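The opening position of the sequence shown corresponds to residue 174 in the numbering used here, with each subsequent residue numbered one higher.
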Amino acid sequence: MSGAAAVPGPAPESAAEPDRVVLVTGGAGGIGAAVCRRLADHRTTLAVADRDAGAAREIALEVRSAGGRAEPFGCDLSRPEDVEALLDGVVGQFGALHGLCTVAGSIRRGDVTELTPADWRATFEDNLDSVFLTCRAAIPHLTRAGGGAIVTIASGWGLRAGRRAAAYCAAKAGVVMLTQAMALDHAPAGIRANCVAPGDVRTPMLEREAGQLGCPVEQFYAEAADRPLRRIGEPREIADAVSYLLGEEASFVTGAVLTVDGGGTL
Ligand SMILES: NC(=O)c1ccc[n+]([C@@H]2O[C@H](COP(=O)([O-])OP(=O)(O)OC[C@H]3O[C@@H](n4cnc5c(N)ncnc54)[C@H](O)[C@@H]3O)[C@@H](O)[C@H]2O)c1
174 MSGAAAVPGP APESAAEPDR VVLVTGGAGG IGAAVCRRLA DHRTTLAVAD RDAGAAREIA
234 LEVRSAGGRA EPFGCDLSRP EDVEALLDGV VGQFGALHGL CTVAGSIRRG DVTELTPADW
294 RATFEDNLDS VFLTCRAAIP HLTRAGGGAI VTIASGWGLR AGRRAAAYCA AKAGVVMLTQ
354 AMALDHAPAG IRANCVAPGD VRTPMLEREA GQLGCPVEQF YAEAADRPLR RIGEPREIAD
414 AVSYLLGEEA SFVTGAVLTV DGGGTL
């Protein structure tokens, strides 16, 4: 028998922290799926919402087969009726909502002379209307749960302009300010609202951008790596920031904008 005395370790997390229900929008995309994988644990129930219902189902199945709890919800987050139905579905099924991460978004590259009014509208719908509508429907439930956390995903281009992405830059700047306005308005209800501003991250969106600009993907990635840390980001690195801001470790953090961009906005 070993002579080493057993050293009591810290109490397991499950004993210290209650179960939580977290809604992730855009949960089927590159960053959204990474957020779902990162948050999935024994005490978290995930609602995976995306316009691509089949892909949301695949992510939920993946989380479940790894031992987590997840349910897919197909919806268009730019439609108020879809968002109301989503929140009714989540709270109806799980009884409460404690956290929200708004990841859904899309990009159409172009300067203002290249973008059509339809491009402008769709970019605002997917990136900004979706955040407004989801938070509007979620906040009463977070309040009812005694408080909670919202994490929005903006972009470095919500803080500093980028070329040929005029609608996207404007919409993401709106996400930053909307997040801070919500942080002020809903702090008394115990709701924290913070924003993650990623730089270029290896996802299907980045690939589509290369296509929109007519640039070979590898060349586009190489140009995107021109930043202090000399590389693009991985979805997991954005998910780590989301996990921090959603969790207890960020209990005194609200209204913050956390750039996760390899120094790209410096
Ligand atoms: N990839 C990057 O380089 C990068 C950089 C900065 C910010 N972002 C932001 O991160 C977020 C995630 O981007 P990603 O790279 O994972 O892109 P992605 O295209 O892989 O995923 C986006 C997901 O959002 C969903 N979505 C879009 N509009 C929707 C709507 N109206 N209703 C429901 N679902 C909708 C899409 O179906 C898709 O699954 C976006 O908000 C994006 O603007 C990405």
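By construction, the Cβ of each residue, glycine as well, lies at the ideal position given by its N, Cα and C atoms. These numbers were taken from a predicted model, which means no experiment stands behind them.
Taking residue i as the reference, give the member of the options with the closest Cα.
{"i": "C209", "options": "I232, V263, A310 and A398", "result": "I232"}
{"i": "G435", "options": "T427, E422, A344 and G372", "result": "G372"}
{"i": "T376", "options": "G205, T198 and D192", "result": "G205"}
{"i": "E235", "options": "V221, D299 and F425", "result": "V221"}
{"i": "E257", "options": "L288, R309, L270 and P408", "result": "R309"}
{"i": "D225", "options": "S279, R216 and L270", "result": "S279"}
{"i": "W293", "options": "G321, R337 and D255", "result": "R337"}
{"i": "A239", "options": "E380, F425, T217 and V324", "result": "T217"}
{"i": "P313", "options": "G420, T438, L219 and A360", "result": "A360"}
{"i": "K345", "options": "T275, R381 and L288", "result": "T275"}
{"i": "S303", "options": "T289, R381 and A327", "result": "A327"}
{"i": "A356", "options": "V194, V426, T289 and R237", "result": "V426"}
From residue i to residue j, what distance separates their C-alpha atoms?
{"i": "G331", "j": "Y417", "result": "21 Å"}
{"i": "D358", "j": "A366", "result": "10 Å"}
{"i": "G329", "j": "Y341", "result": "11 Å"}
{"i": "I405", "j": "F305", "result": "29 Å"}
{"i": "A423", "j": "T286", "result": "42 Å"}
{"i": "S175", "j": "P401", "result": "For S175, the predicted model reports a pLDDT of 36, less than 50, meaning its position is unreliable; a value from the coordinates is still stated below. Looking at the two C-alpha atoms, the distance is approximately 50 Å."}
{"i": "R252", "j": "G387", "result": "31 Å"}
{"i": "A318", "j": "L273", "result": "13 Å"}
{"i": "L259", "j": "D249", "result": "10 Å"}
{"i": "G428", "j": "R281", "result": "28 Å"}
{"i": "A291", "j": "A311", "result": "28 Å"}
{"i": "G203", "j": "L315", "result": "26 Å"}
{"i": "A398", "j": "I411", "result": "16 Å"}
{"i": "L379", "j": "V433", "result": "16 Å"}
{"i": "G437", "j": "V430", "result": "14 Å"}
{"i": "T352", "j": "C368", "result": "6 Å"}
{"i": "V390", "j": "G384", "result": "8 Å"}
{"i": "R409", "j": "V374", "result": "10 Å"}
{"i": "D192", "j": "P245", "result": "19 Å"}
Do residue i and residue j have their C-beta atoms closer together than 9 Å?
{"i": "G347", "j": "F297", "result": "yes"}
{"i": "D223", "j": "T198", "result": "yes"}
{"i": "T307", "j": "L196", "result": "yes"}
{"i": "G441", "j": "A370", "result": "Since the first residue shown for the chain is 174 and the last is 439, residue 441 is missing from the structure and cannot be characterised."}
{"i": "N300", "j": "A334", "result": "no"}
{"i": "G200", "j": "A229", "result": "yes"}
{"i": "G268", "j": "G321", "result": "no"}
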